[in-house]
Every structure is written in structure tokens, then in C-alpha cells.
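Trainee: If you scroll down you'll find the structure; I have some questions about it.
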Amino acid sequence: MSNVLQPKVVIVIFGATGDLAKRKLFPSIYRLYQNGKLSKNFAVVGLARRGWTDDVLRENVAKSIGDAISPNEDLEEFISHFYYQSFDVTDESSYSGLNILINDLEGTYQTEGNRVFYLAMAPEFFGTIANKLQENGLKDSEGWSRLVIEKPFGRDLESAKKLNKELRAAFDEKQIYRIDHYLGKEMVQNIEVIRFANGIFEHLWNNRFISNIQITSSETLGVEERARYYDHSGAARDMVQNHMLQMVALLAMEPPISLTTEEIRSEKIKVLRALRNMDSDKVSQYFVRGQYDSGEIKGEAVSAYRDEADELADSNTETFVAGKLLIDNYRWSGVPIYIRTGKHMAEKSTKIVIEFKDIPMNLYYKRDKDKRPNLLSINIQPNQGITLCLNAQKSGSGSLAQPIQLAYNHNAVSGINTPEAYEKLLYDCMIGDATNFTHWDEVALSWKFVDTILDVWSKNEANFPNYKSGSMGPDAANELLEKDGFHWWDI
Ligand code: BG6
70 MSNVLQPKVV IVIFGATGDL AKRKLFPSIY RLYQNGKLSK NFAVVGLARR
120 GWTDDVLREN VAKSIGDAIS PNEDLEEFIS HFYYQSFDVT DESSYSGLNI
170 LINDLEGTYQ TEGNRVFYLA MAPEFFGTIA NKLQENGLKD SEGWSRLVIE
220 KPFGRDLESA KKLNKELRAA FDEKQIYRID HYLGKEMVQN IEVIRFANGI
270 FEHLWNNRFI SNIQITSSET LGVEERARYY DHSGAARDMV QNHMLQMVAL
320 LAMEPPISLT TEEIRSEKIK VLRALRNMDS DKVSQYFVRG QYDSGEIKGE
370 AVSAYRDEAD ELADSNTETF VAGKLLIDNY RWSGVPIYIR TGKHMAEKST
420 KIVIEFKDIP MNLYYKRDKD KRPNLLSINI QPNQGITLCL NAQKSGSGSL
470 AQPIQLAYNH NAVSGINTPE AYEKLLYDCM IGDATNFTHW DEVALSWKFV
520 DTILDVWSKN EANFPNYKSG SMGPDAANEL LEKDGFHWWD I
């Protein structure tokens, strides 16, 4: 018998006809079931406006699972646990109907009153839904109730505060699970282990031995079907405020005294508190924004952002951000952390490169330009693993050196990674482990940092488009490092 915890639960998905449910949530719930992390004591209630029936939802669930992975014979049994209710988030009777349905399902599936409310829909309704759930007694069960919130969590500090206040009027902080799917990625979780389980890294993990850190998350996709959302958001809100700053926090945090949620979060929060908030007049020295022009990606011609949809014709929204961050504490003083992320770039890849300081005299290279510092690359996707770049004797050349690589990569099939992230996070939520979810303090500090940049950008029109689709972003993103004597490593 395995001793894996098998939560008993009713999962309620708001936005069950949407893209996220289809692409990520349904396959993830199925994988949990397949992997024995869900028993038969579960039910899923799908809610949305459309007049679907249980059968239509079940067909859609089966299809989305079939598109993502190869299902087993248990698929029929699995989808029989899915129920659909047509739902208007502002209408009281929708909530009373939901209450009756959940109570019924709790009887049928013996789920002990445990409920997950997953908000996978337009953020403007998050506050309303949370409050109506509470007012209509949907949280008053014998078991636990948890609220899972997708991003965006506000669009600046002010709106995030307002949303948080609304949520907190109905749910305690402990019941709120703010998803950042990067925190569910295997190699993002591995940052802590690589750092804190290896003396050879942790002893050197500071400003005495590290010259700079580079974090890149590049995408080949453009704005796709999400023009409305994306144009209102842009790369800083979509990627930097959450995913990129979360990776910075994990790379820079102090070792926690134990692996509890509270200890880990409190170390991450300290990093975000120590992030140097820029004066407005420094933003252009430290941050670069870009928007893609037409170009070619993997041999295919692709259009400029402004040509992707009519409403984007005059858009001033950034699809690329690069920046230099500084952390003002003992460990990191003086070490730049460079980040860059964007759409329509040369490749889909998320990677962290740690550049170690060079030794004072490296006698083994004839030309300075061939010298290579030691680098540690943490490969998050599509390859997952680590690569350590060292120097060793060039074969047959006496005392000349050449760069070599020690690599550990487990082959992740591209695309499998993200459903796995959701799978892990959903499971964590069901067993009550909030470590890999974002605490309100992290959200607030991240917005505070990003707000300064966005505020300056909103007051100055950008010179867009300024990078070709299929490139690694505008030239200014390279100059950002060159000014400091560095360059982006591609290893
Ligand atoms: C999401 C953003 O949070 O992350 C998307 O909204 C982006 O715009 C996506 O494409 C990237 O995630 P991943 O897992 O593909 O790197």
C-alpha cells in the first residue's frame, strides 16, 4: 500500500469552459487520479455562463485530456465525477443552486465537506465570487474550504490591495492560494535544493564569488488569442511582477531554518523587501522595454504585434522587458541580477545563468577573449537540469585550457512541463501545503517594485516596434549588460 495522501474533495471550477480549464486543469486532475493522488472520493463541478450539460462538460474534459496525454481505460469512470452548472457570478440563485449540488455530491462521493473553489476566469469577478461564496454559506461545511486564485492579481499595487481586501473579507490568508505556475515547475522548485543541499554552491553563493546572475524566459509565441488581456497587461505585469521576481526571490533568499511554508515565505519576502526600488529618473538606465516587429521564427514569417489584431494598431504595450535588479543586503550588495523576458523571440526557453567571478590570473588562455568564467546554468524549460561550465586542459596542447561542461539534464518532453506544474500545485492545495503559492506580502512587494517602472513608461511613449520577431530582443537589452562589462550567456 502506498502512503500517498489521497485528499477527498469537491473541486469547483469557475470558468470551466475556458482555456485554462481545458489546457491545464482537466489534464492535471486526471494525472493526479492516474497517479493515485486522488481517490474515487472526489467530484468536480464546472461552472460557466454557457448552457452546457454534465454530458457536454464530460465530453470536453475527455477531449482535453486526449489532446494533452494518452488516457487509460479509466477515463470513462473519471469523467463521470464531473458535473456542470450554468452560472451567473452576480446572481444569488446561482450560489444557492451550487450549494445544493455540492451537498448532494458530498453525500454521493463522501468527500467530508472539503472544498476547493478555483477561480479560473476574468479577474474582475474574483472579489464578488469570494464574497458571495461566503454570504451564501458555501464555506460553512464540516471540512476545509480553500480559494485558488489565478493571476492577474490586480494590475498595480492599488488594485491588488483592493482585491486582497475583498478576498480577505470572505477568506483568511491561510485559505487563499494565489497561483504562480512557475512555482510548480520542477526546476524552479529545484533551485532551493541545488543551493541548499550543495556546499560547493552555497558557500560561493554571494557577492564575493558571483559576478552577476542572468534570468531569461523567452517565448516564441506571440499574443495569440489573448490580445485583449495582453494589451491591457504587457510583459512587465504578465511575467516580471510574478514569475521573474519569484525566481529572483528563490535565487537570492537566505537558507530557511526549516522547510515549513512560513519559514520559506519569510526568507523570500526579505529578498523582495531588499530589492532596490528605483528612482523614476533611473528607470531608463535599468530597464528596457520592447515590442516585436515582424520577422521570422523557425523559418516562418510572423507579423508585428501591432498587426496581430485591429485594436493593437497603435499599441504602446511592451512585449519584452529586460532589467537590472540590485538587492541591498550583505549577501548581494553590488551583484547585478539581469532579467529578460519576451514574446516572439528566437526560442522558447527559461534558464538561469550564475556567472562566477574570474580568477585574477588565468594563464591558460592565449587570448583574453577566449577566457571563460565558471558558469552554472539552471535549465528550467524545455530542457530540465543543470550545466556547470569549467575550464580544463585542451587535449594535446600542453598548458592551454578550453571550456568544458558538466551537464545533468533529464529530458522533459516540451509541453509536458506546464500541466505538471498545475498538477503539483493543485495537489499541494488539496493537502494544505501553501509553500509554492504566493503570499500577499510577496504580491504587494512585487507590485511596488514594478509600479515604479510602469509609471515612468506610461508617461513616455515608446519607440515601438524595436525588435525583430525571432531575435533575442532589442539591442538595448544587450547594452544593459555591456555597460557593466558583461554579456548574456547562451549555454
Ligand atoms: C503566463 C503568461 O503566466 O505564463 C503567458 O500569462 C506566458 O503570457 C506563460 O505565455 C508562460 O508560461 P510557460 O510555463 O509557458 O513558461
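Just so we're aligned, residue 70 is where the sequence shown starts under the numbering used here, counting upward by one.
All residues carry an ideal CB built from backbone N, CA and C; glycine is no exception.
Taking 7 Å as the line, does the beta carbon of residue 495 fall inside it for any heavy atom of the ligand BG6?
Mentor: Walking along the sequence shown from the start, residue 495 turns up at place 426. For the ligand BG6, not one heavy atom lies less than 7 Å from the Cβ of residue 495.
Trainee: Spatial neighbours of residue 483 within its chain, please: CB distance less than 7 Å, with the 5 preceding and 5 following residues excluded, ordered by chain position.
Mentor: As a first step, residue 483 is located in the sequence shown; it is residue number 414 there, counting from the start. Residue placement at residue 483 cannot be trusted, given a pLDDT of 47 that sits under 50; what the coordinates show is reported in the next sentence. Result list for residue 483: 451, in chain order.
Trainee: Could you give the distance in angstroms between the alpha-carbon of residue 570 and the alpha-carbon of residue 247?
Mentor: This structure cannot speak to residue 570, because the chain is shown only from 70 to 560.
Trainee: By a C-beta neighbour count over all protein chains shown, 10 Å radius and 16 as the cutoff for buried, is residue 370 buried or exposed?
Mentor: Locating residue 370 in the sequence shown gives position 301, counting from the first residue. That one is exposed.
Trainee: Comparing C-alpha positions only, which one of 449, 461, 548 and 294 sits nearest to residue 353?
Mentor: Position 284 of the sequence shown, counted from the first residue, corresponds to residue 353. Ranking the options by Cα distance to residue 353, first place goes to 548.
Trainee: Using 8 Å as the threshold, is the C-beta distance between residue 374 and residue 317 below it?
Mentor: Working through the sequence shown from its first residue, we reach residue 374 at position 305. Working through the sequence shown from its first residue, we reach residue 317 at position 248. No; because the gap between Cβ atoms is not below 8 Å, this pair is not in contact.
Trainee: Leaving out five residues before and five after residue 486 in sequence, what residues of the same chain have Cβ atoms less than 8 Å from its Cβ?
Mentor: The residue given as residue 486 occupies position 417 in the sequence shown. Low per-residue confidence applies at residue 486: pLDDT is 43, beneath 50, and the placement is therefore not dependable, though the value from the model is reported in the following sentence. Answer for residue 486: 254, 255, 450, 451 and 453, listed in chain order.
Trainee: From what residue to what residue does the beta strand (DSSP E) around residue 391 run?
Mentor: Start at 1 with the first residue of the sequence shown, and residue 391 comes out as number 322. Note, residue 391: beta strand (DSSP E), 389–394.
Trainee: Ends of the beta strand (DSSP E) at residue 500?
Mentor: Translated into the one-based positions of the sequence shown, residue 500 becomes position 431. First-last for residue 500: undefined, no H or E at that position.
Trainee: Residue range of the alpha helix (DSSP H) that residue 162 falls in?
Mentor: Start at 1 with the first residue of the sequence shown, and residue 162 comes out as number 93. 161–178 is the span of the alpha helix (DSSP H), which, as asked, contains residue 162.
Trainee: Roughly how many angstroms separate the alpha carbons of residue 197 and residue 168, rounded to a whole number?
Mentor: In the sequence shown, residue 197 corresponds to position 128, counting from 1. In the sequence shown, residue 168 corresponds to position 99, counting from 1. So the alpha carbons of these two residues sit roughly 17 Å apart.
Trainee: For the putative contact between residue 477 and residue 455, defined by C-beta atoms under 8 Å, what is the C-beta separation to the nearest angstrom?
Mentor: Against the sequence shown, residue 477 aligns to sequence position 408. Against the sequence shown, residue 455 aligns to sequence position 386. Confirmed, about 5 Å.
Trainee: Where are the alpha helix (DSSP H) runs, 4 residues long or more, that stay fully inside the stretch 170–233, in chain order?
Mentor: Runs of the alpha helix (DSSP H) inside the stretch 170–233: 195–204.
Trainee: In terms of residues, what are the limits of the beta strand (DSSP E) holding residue 475?
Mentor: On the sequence shown, residue 475 is found 406 positions in, with the first residue counted as 1. Per DSSP, residue 475 belongs to the beta strand (DSSP E) from 470–479.
Trainee: Can residue 180 be considered in contact with the ligand BG6, in the sense that its beta carbon sits closer than 7 Å to one or more heavy atoms?
Mentor: Position 111 of the sequence shown, counted from the start, is the residue given in the question as residue 180. No, the Cβ of residue 180 stays beyond 7 Å of every heavy atom of the ligand BG6.
Trainee: Assuming residue 205 contacts residue 165 under a Cβ cut-off of 8 Å, what Cβ separation, rounded to an integer in Å, is found between them?
Mentor: Here residue 205 refers to the residue found at position 136 when the sequence shown is read from its first residue. Here residue 165 refers to the residue found at position 96 when the sequence shown is read from its first residue. 6 Å between Cβ atoms; contact.
Trainee: Distance check for residue 132 and residue 434, CA to CA, integer angstroms please.
Mentor: Here the question's residue 434 lines up with position 365 in the sequence shown. Here the question's residue 132 lines up with position 63 in the sequence shown. Cα to Cα, the separation comes out at about 58 Å.
Trainee: Alpha carbon to alpha carbon, how far is residue 177 from residue 208? Give it in angstroms, no decimals.
Mentor: Reading the sequence shown from its first residue, position 139 is the one you call residue 208. Reading the sequence shown from its first residue, position 108 is the one you call residue 177. Roughly 19 Å separates the two Cα atoms.
Trainee: Spell out a yes or no on whether the stretch 108–116 and the stretch 175–191 are touching, meaning 3 or more CB-CB pairs, one atom from each, closer than 8 Å.
Mentor: A contact exists between the stretch 108–116 and the stretch 175–191.
Trainee: Determine the DSSP secondary structure at residue 369, reduced to helix, strand or coil.
Mentor: Taking the sequence shown and counting its residues from 1, one reaches residue 369 at position 300. Strand, per DSSP.
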